[in-house]
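Here's the structure, in structure tokens; my notes come after.
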Amino acid sequence: AQSVTQLDSQVPVFEEAPVELRCNYSSSVSVYLFWYVQYPNQGLQLLLKYLSGSTLVKGINGFEAEFNKSQTSFHLRKPSVHISDTAEYFCAVSPYAGGTSYGKLTFGQGTILTVHP
Amino acid sequence: ETGVTQTPRHLVMGMTNKKSLKCEQHLGHNAMYWYKQSAKKPLELMFVYSLEERVENNSVPSRFSPECPNSSHLFLHLHTLQPEDSALYLCASSLTLGQGYEQYFGPGTRLTVT
């Protein structure tokens, strides 16, 4: 089984400041990793995903994340945030089990990012 | 319309009512999902369908009954709900059920049980 821990439930930050949202996971098998964003009154939207290859993954809206296998982390970063980045962010993992077995997503509890002017 | 749509967006129902949530995806995907999102809790996977066949029922009470008549439509039939069932119910779809495929989410139905 997999579990995901998002270390901060809320992160306040000023506009144009950098931000890091932390995510750690636990799994007995290799995993794929995802970050989703949920804007108010909307569903979740994929920001970026790590499947294989380079451990630094770039996503939409200027976000990037780095996969660290030894620390089982997948932290999300943005060098300069905007007011419009205010939203809830979810880290998720899916087991890599080979073949065509089902890739169930396990989500963290979410981090609310609030960007202040 | 494009993407994943859900109706209604808001629903208030009494504990003795019967209602249904509807989800439609316009992406040509073969897998569909129902999630429950409660405050301060991780998203909970409820049901998974692949090519109209239920793949997973994640220990969901029988007062929730899913239906997938075709790969584009997914329903969640509700009856004799409890106040703790109040939550945002999200539908999602993915190209297939395999690993690593992105799930596309609808905007959700905000359910309040009185």
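As you go down the protein sequences, you meet chains A and B in turn.
Per the working numbering, residue 266 is the first one in the first sequence, and the count goes up by one each step.
Per the working numbering, residue -11 is the first one in the second sequence, and the count goes up by one each step.
Think of the CB as a built atom: it goes at the ideal place given N, C-alpha and C, for glycine as much as any other residue.
Quick caveat, the model's predicted, so the values are computed rather than measured.
If you count every other CB in all the chains shown that lies within 10 Å of the CB of residue i, and 16 or more means buried, which is it?
i, result
"residue 353/A", "buried"
"residue 382/A", "exposed"
"residue 282/A", "exposed"
"residue 308/A", "buried"
"residue 271/A", "buried"
"residue 0/B", "exposed"
"residue 336/A", "exposed"
Cβ closer than 8 Å: which chain B residues qualify as neighbours of residue i?
i, result
"residue 349/A", "Correct list: empty, because the minimum Cβ distance to chain B is about 18 Å."
"residue 374/A", "28, 29 and 30"
Run through DSSP, which three-state label would residue i get?
i, result
"residue 280/A", "coil"
"residue 57/B", "strand"
"residue 90/B", "coil"
"residue 291/A", "strand"
"residue 85/B", "coil"
"residue 98/B", "strand"
Under 7 Å Cβ-Cβ, which residues of chain A neighbour residue i?
i, result
"residue 13/B", "None at all; the shortest Cβ gap to chain A is about 12 Å."
Flag this pair as yes or no: are the beta carbons of residue i and residue j separated by less than 8 Å?
i, j, result
"residue 25/B", "residue 94/B", "no"
"residue 341/A", "residue 315/A", "no"
"residue 357/A", "residue 375/A", "no"
"residue 312/A", "residue 296/A", "no"
So which residues on chain A does residue i lean against when the C-beta distance must stay under 8 Å?
i, result
"residue 90/B", "299, 311 and 314"
"residue 95/B", "306, 307 and 308"
"residue 78/B", "308 and 309"
"residue 33/B", "369 and 370"
Give me the chain B residues within the contact set of residue i, using Cβ-Cβ distance strictly less than 7 Å, ordered along the chain.
i, result
"residue 359/A", "87 and 88"
Could you tell me which chain A residues have their CB closer than 9 Å to the CB of residue i, listed as they occur along the chain?
i, result
"residue -4/B", "Those do not exist, as residue -4/B stays about 14 Å from chain A at its closest Cβ, beyond 9 Å."
Original post:
Going along the chain, which unbroken runs of the beta strand (DSSP E) with 3 or more residues stay wholly within the segment 306 to 379 of chain A?
Top reply: If we require 3 residues or more, the beta strand (DSSP E) runs fully inside the segment 306 to 379 of chain A come out as 309 to 315, 321 to 323, 329 to 333, 338 to 343 and 352 to 360.
Subject >> beta strand (DSSP E) segments (min. 3 residues) lying fully within the segment 11 to 73 of chain B >> reply: Contiguous beta strand (DSSP E) elements confined to the segment 11 to 73 of chain B occur at 19 to 25, 32 to 38, 41 to 45, 52 to 58 and 61 to 67, taking only those with 3 or more residues.
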